[in-house]
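So in our numbering, the last one in the sequence shown is 627, and the numbering has no gaps at all. Beta carbons: idealized from backbone N, C-alpha and C, even for Gly.
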Amino acid sequence: MKTTVLVFHPDLSTSNVNAKLAEAIKDLTDIEVRDMYQLYPDFKIDVAAEQAVLEEADRIVLQFPMYWYSSPALVKQWEDAVLAYGWAHGSAGDKLHGKELLLVVTPGAPTELYGHGNDFKYTVTELLRPFQATSNLIGTDFITPFISTGASRMDDAEIAERAAAYKAYLSTEDLVVLADFE
446 MKTTVLVFHP DLSTSNVNAK LAEAIKDLTD IEVRDMYQLY PDFKIDVAAE QAVLEEADRI
506 VLQFPMYWYS SPALVKQWED AVLAYGWAHG SAGDKLHGKE LLLVVTPGAP TELYGHGNDF
566 KYTVTELLRP FQATSNLIGT DFITPFISTG ASRMDDAEIA ERAAAYKAYL STEDLVVLAD
626 FE
């Protein structure tokens, strides 16, 4: 299975968790890891190049830190530009149909702050539902996200544990599709 990991971290060189996650998977078979902020620091996305990369992938991974209960700005810019009508959706937009879409997200806050009755009122998965709606629109299978909460407070041992778990997760052929409203 060809896996393309698009890492959307504004400065991967200063990242504690996302950099280690990306590094941990680089030696997996048939995987490409792309630092999107390094490729597009000016937010001027090469749409044709990105679409070609996605067409070659079986599994598309969007990896990013959670900012304001969502993603960094370049993710949205990338979605708006690359997932174009007539290519990714619409009556003739079927280029991604049948592929997998997986989110790898690193919220800074600890798990106990997320959830009904807790400080943030919603689970991380609930906050990611707009991505699932996009996945439905573009015809991809929305894989259960790989979430590493508490990223801003992880020590080296915890980061290493999450990196190993991520590598194992991406090595799994048959990942579980997230059902609607789970």
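Practice task
Report yes or no: do three or more beta-carbon pairs, one from the stretch 526–537 and one from the stretch 562–571, lie closer than 8 Å?
Solution key: no
Handout entry: C-beta contact flag for V622 and F591 at 8 Å
Key = To locate residue 622, count along the sequence shown from 1; it is residue 177. To locate residue 591, count along the sequence shown from 1; it is residue 146. Taking 8 Å as the Cβ cut-off, V622 and F591 do not qualify as a contacting pair.
Handout entry: Alpha carbon of I470 to alpha carbon of Y611, nearest angstrom
Key = Taking the sequence shown and counting its residues from 1, one reaches residue 470 at position 25. Taking the sequence shown and counting its residues from 1, one reaches residue 611 at position 166. Distance between the alpha carbons of I470 and Y611: 8 Å.
Practice task
Give me the Cβ distance between M446 and D539, rounded to the nearest whole Å; I'm assuming they're in contact under 8 Å.
Solution key: As a working mapping, residue 446 is identified with position 1 in the sequence shown. As a working mapping, residue 539 is identified with position 94 in the sequence shown. 20 Å between Cβ atoms; not a contact.
Problem - Beta-ladder partner(s) of P510, from DSSP - result: The sequence position of residue 510 within the sequence shown is 65, counting from 1. In DSSP, P510 forms a bridge with T551.
Exercise for the section: Quick one: give me the first and last residue of the beta strand (DSSP E) that I476 is part of. Expected result: For the purposes of this step, residue 476 is taken as the residue at position 31 of the sequence shown. Here the beta strand (DSSP E) through I476 covers 476–480.
Practice task
With a cut-off of 8 Å on the beta carbons, I'd call W513 and I490 a contact; round off their distance for me.
Solution key: Taking the first residue of the sequence shown as 1, we reach residue 513 at position 68. Taking the first residue of the sequence shown as 1, we reach residue 490 at position 45. Contact doesn't hold; Cβ gap of about 22 Å is too wide.
Exercise for the section: Verify whether the separation of the beta carbon atoms of V498 and T449 is less than 8 Å. Expected result: As a first step, residue 498 must be located in the sequence shown, where it is residue number 53. As a first step, residue 449 must be located in the sequence shown, where it is residue number 4. Yes.
Problem - Span separating the alpha-carbon of L451 from that of D564 - result: In the sequence shown, the residue the question calls residue 451 occupies position 6. In the sequence shown, the residue the question calls residue 564 occupies position 119. One C-alpha to the other measures close to 30 Å.
Handout entry: Within 8 Å, strictly: CB atoms of V492 and A537
Key = Taking the first residue of the sequence shown as position 1, residue 492 is located at position 47. Taking the first residue of the sequence shown as position 1, residue 537 is located at position 92. Their beta carbons are not under 8 Å apart, which means V492 does not touch A537 by this criterion.
Handout entry: Cut-off 6 Å between Cβ atoms - residues of its own chain near Y614, not counting five sequence neighbours on either side
Key = One-based indexing of the sequence shown puts residue 614 at position 169. Closer than 6 Å at the Cβ level, and outside the excluded window around Y614, lie F591.
Practice task
Could you name the residues of the same chain whose beta carbon sits closer than 8 Å to that of E501, not counting the 5 residues immediately before and after it, in chain order?
Solution key: Position 56 of the sequence shown, counted from the first residue, corresponds to residue 501. Answer for E501: K447, T449, listed in chain order.
Problem - Every unbroken alpha helix (DSSP H) inside the stretch 521–596 [4 residues or more] - result: 569–572, 574–583
Practice task
Classify Q483 as buried or exposed, calling it buried when 16 or more other Cβ atoms lie within 10 Å of its own Cβ.
Solution key: Position 38 of the sequence shown holds residue 483. The residue is exposed, with fewer than 16 neighbouring Cβ atoms inside 10 Å.
Handout entry: Same chain, Cβ closer than 7 Å to I604, five either side skipped, listed in chain order
Key = Here residue 604 corresponds to residue number 159 of the sequence shown, with the count starting at 1. Taken in chain order, the residues that qualify are N461, V462, K465.
Exercise for the section: Starting from L451, follow the beta strand (DSSP E) in both directions and report where the run begins and ends. Expected result: The sequence position of residue 451 within the sequence shown is 6, counting from 1. Run containing L451: 448–452, per the beta strand (DSSP E) assignment.
Practice task
Compare the beta carbon distance of L547 and I583 with 8 Å and say whether it is the shorter of the two.
Solution key: By one-based count along the sequence shown, residue 547 stands at place 102. By one-based count along the sequence shown, residue 583 stands at place 138. Against a cut-off of 8 Å, the Cβ pair of I583 and L547 comes out as no contact.
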